[in-house]
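Data first, discussion second: the structure below is written as structure tokens.
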Amino acid sequence: MMKPQTHFTHPLDWLHQAPSLVLGHHWIFTPEHPLWQSHSQQWPTIPQPLPRAVGHYYQLLWRLWIQSHPMLDLVAEEIQIQGEQRTLGAIDFIVHNKINHRFEHWEVACKFYLAYQGQWLGPNASDSLTRKMTHMLAHQLPLSQHDTIAKRWPIKARRLILQGRLYTARDQNQKYALIQENSGWQINPNALQGWWRYQPYQGDEPILQLHKPNWLTQARATPVTSHQLDPHQSTHIVDPLGQFGFIMPQSWPNLGPSAV
5 MMKPQTHFTH PLDWLHQAPS LVLGHHWIFT PEHPLWQSHS QQWPTIPQPL
55 PRAVGHYYQL LWRLWIQSHP MLDLVAEEIQ IQGEQRTLGA IDFIVHNKIN
105 HRFEHWEVAC KFYLAYQGQW LGPNASDSLT RKMTHMLAHQ LPLSQHDTIA
155 KRWPIKARRL ILQGRLYTAR DQNQKYALIQ ENSGWQINPN ALQGWWRYQP
205 YQGDEPILQL HKPNWLTQAR ATPVTSHQLD PHQSTHIVDP LGQFGFIMPQ
255 SWPNLGPSAV
């Protein structure tokens with residue numbers, strides 16, 4: 005059965021305690037790491053207004069987490085790496101570790117994936133967990149080998165942080181199972197979980213609708229009824245039992261030949 009979820013009132017509490025979605029690769033950074041555990045958890049004020057995109061909001065939270073860590077210095081953020089003809093990508097964070105006096109490259113992402121036919125797909129089904137992990141491991145984290153970075157900050161460690169939630173299809177027997185996708189990493193069995201189902205959603209009790217960028221916790225959710233849900237849009241909710249869920253339109257995932 006689905007594990008009960010702890011509801012956090014402060015987003016930095018969520019950030020600090022939410023498990024990684026994935027395990028197994030040596031670049032994956034998880035809350036069990038001593039450096040993570042050594043944070044004082046004295047949270048700064050979150051600046052307003054918030055970014056509208058979940059990813060930008062999540063990166064803002066990590067900036068605050070790093071800046072408030074007693075053993076870390078934030079050196080640079082969102083560094084554009086230029087090739088001869090185009091931008092190769094951007095580095096999320098360069099961090100100075102004061103414990104061992106070395107520079108580190110951090111990439112962070114918060115993702116919400118739904119189990120579908122042996123894959124983990126995003127509400128926008130062109131996004132998948134496999135595609136995201138491949139991009140972070142094969143493209144994003146190696147960017148710090150570029151001369152632009154290496155000459156200025158010799159990187160001695162790389163950290164991949166991927167948090168969020170995994171949603172399994174709700175069937176008539178209310179059974180849940182995590183799909184494994186292996187390519188040098190695996191699904192964390194303790195990842196935060198939720199459920200998803202197609203429209204129409206039947207239920208007389210009020211539910212809580214989550215609005216971007218506040219998908220991490222239910223602190224700013226708004227009460228709605230099932231009759232108020234748009235049948236043509238995906239809706240992120242918290243149900244009457246306190247479980248996080250997605251209500252998906254019948255058209256999802258509508259995958260083209262090369263969408264995943």
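If you read the sequence shown in the numbering used here, its first letter stands for residue 5, the second for the next number, and so on.
The beta carbon of each residue, even a glycine, is placed where N, CA and C say it ideally should be.
Close beta carbons around residue i, own chain, < 6 Å, minus the five adjacent residues each side
i	result
Arg156	none
Asp77	His100
Gln86	none
Gly207	Ser230
Gln71	Leu78
Residue i - DSSP class collapsed to helix/strand/coil
i	result
Pro227	strand
Met137	helix
Gln167	strand
Trp18	helix
Trp200	strand
Ile251	strand
Gln63	helix
Burial state of residue i (16 or more Cβ within 10 Å)
i	result
Ala113	buried
Pro127	buried
Met137	buried
Met252	buried
Gly168	buried
Ile241	buried
CB contact flag (residue i, residue j, <9 Å)
i	j	result
Asn117	Pro257	What sits at residue 117 in the sequence shown is Tyr, not Asn. Not closer than 9 Å, so no.
Arg162	Glu81	no
Leu65	Ile50	yes
Leu220	Pro15	yes
His29	Leu164	yes
Leu233	Tyr205	yes
His109	Leu68	no
Pro235	Gln213	no
Leu25	Leu166	yes
Cutoff 9 Å: residue i Cβ touching any chain B Cβ
i	result
Ile251	The structure shown has no chain B; it contains just one protein chain.
Contact set for residue i: own chain, Cβ-Cβ below 7 Å, skip 5 residues either direction
i	result
His143	Gly93
Same chain only: Cβ atoms within 8 Å of residue i, ignoring 5 sequence neighbours per side
i	result
Ala263	Residue confidence for Ala263 is low, a pLDDT of 39 falling below 50, so the modelled location carries little weight; the figure read from the coordinates is stated next. Once the five neighbours on either side are set aside, the close Cβ partners of Ala263 are Ala129, Ser130 and Pro257.
- Would you call the stretch 187 to 198 and the stretch 136 to 153 in contact, with 3 or more CB pairs under 8 Å? In short, these stretches touch, since the Cβ pair count reaches three.
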